[in-house]
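Following: one structure in structure tokens, then a few remarks.
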Amino acid sequence: MTALDTPTPVRREVRDRPPAARVFLALLRRDLLVTGKELWVILIQVGMTPLFMLFVFSTILGGQGIVERSFANLFLPGVIALAALTTALQSTALPLVKEFGFTMEIEDRLLAPLPTSLVAVGKLVVATIRGLLAAVLMYPLGALVVGSAPWRLEGLPTALLVALLGAWVGGGIGMTLSTILPIQRINVTFSVIVTPIIWTGCIHYPWPRLESMRWFQVVTAFNPMTYVSEGVRGAMLPDVPHMPGWVCLLALTGMAAALTWLSVRSFTRRAVQ
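Given below as structure tokens:
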């Protein structure tokens with residue numbers, strides 16, 4: 027066989043696959059840019075239910091003498107906790123219902139050179155940032171509504187950490203619900219789940235003062251919102267009876283770990299389907 031008869035190997039250009047970390051950060055950066063552009067949407071999410079509750083319970087009822095004026099300071103930490111958890115919950119649940127439903131926008135992310143589990147984690151990270159931002163914005167907005175707000179610099183790191191964990195838990199709840207429930211049942215399920223989370227989450231009252239209603243105190247202990255409210259309240263108002271801070275952090279860390287595993291697993295299953 028001559029040199030002319032020898033087949034020439036075909037050269038193929040092989041492009042290096044970008045590292046998963048780079049792709050993850052690129053998707054995260056894009057989502058954060060969208061979050062910055064939708065800041066007014068976050069303000070609406072923060073301002074509607076929590077601020078109206080704060081206005082009615084503290085300003086109106088307080089002005090009529092039905093509740094004490096000091097109730098506003100007790101209530102504001104609960105409103106901050108409510109903003110953190112529910113904003114993160116909505117930031118994962120509502121978009122995923124749309125993306126997995128009629129628009130199928132999730133396919134663009136699933137086609138990225140990135141493990142499906144990291145796509146889910148990216149969603150949780152963005153939801154957590156939005157929830158934490160909502161909690162931070164709630165403090166000055168709440169202070170404007172009631173005219174004052176408790177401030178304790180030493181408790182700020184603990185309050186931020188509790189709000190961060192609460193937002194992560196909220197994002198995990200939202201992702202789990204939106205990926206395991208049928209689309210036609212999601213609205214009803216949200217009403218059934220979110221309403222008890224709000225009213226049994228110790229937003230309006232400290233957990234230790236429920237000792238006279240022991241059965242209800244036990245019920246509230248199963249609500250993640252309770253630990254967010256009590257953690258923020260204890261950091262801002264240490265003189266008010268509250269659940270120990272280490273209990274709140276331990277409970278929220280365990281819930282965050284469990285919900286991360288469950289939500290990522292549910293997201294991966296839904297993506298494969």
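Position one of the sequence shown corresponds to residue 27 (the working numbering), numbered consecutively onward.
In this text, a Cβ means the ideal position worked out from N, Cα and C, and glycines have one as well.
In this structure, Gly104 lies near Ile229, with their beta-carbon atoms less than 9 Å apart. Exclusion of the five residues before and after Val172 leaves Ser84 and Ala98 as the residues of its chain whose Cβ lies within less than 6 Å of its Cβ. Nearest Cα to Thr184 within the set Leu278, Trp66, Ile68 and Leu285: Leu278. If you look at Glu125, you'll find it in the alpha helix (DSSP H) that goes Phe97 to Phe126.
Annotation for Tyr253: the continuous alpha helix (DSSP H) segment containing it runs Pro250 to Met262. For Val151, the three-state secondary structure derived from DSSP is helix. Following the DSSP letters along the chain, one finds Val220 inside the alpha helix (DSSP H) bounded by residues Ile212 to Trp225. In the three-state DSSP reduction, Arg178 falls in the coil class, being neither helix nor strand. Of the candidates Leu182, Leu150 and Val152, Leu182 places its Cα closest to the Cα of Tyr165.
The alpha-carbon of Glu64 is positioned some 22 Å away from that of Gly127. Taking C-beta separations shorter than 6 Å and ignoring five residues to either side along the sequence, the partners of Ala193 in its chain run Ala110, Ala114, Thr154, Gly157 and Leu158, following chain order. In the three-state DSSP reduction, Ala185 falls in the helix class (H, G or I).
Where Val290 is concerned, the enclosing alpha helix (DSSP H) starts and stops at Gly271 to Val298. The criterion of a C-beta distance shorter than 9 Å is satisfied by Gly198 and Leu150.
Residue Leu108 holds the alpha-carbon nearest to the alpha-carbon of Pro222 among Val298, Leu163, Ser292 and Leu108. C-alpha of Leu53 to C-alpha of Ser143: approximately 14 Å in a straight line. By the 16-neighbour rule on beta-carbons within 10 angstroms, Leu100 is buried.
Between Thr118 and Ile224, the CB-CB gap reaches or exceeds 9 Å. In the three-state DSSP reduction, Ile92 falls in the coil class, being neither helix nor strand.
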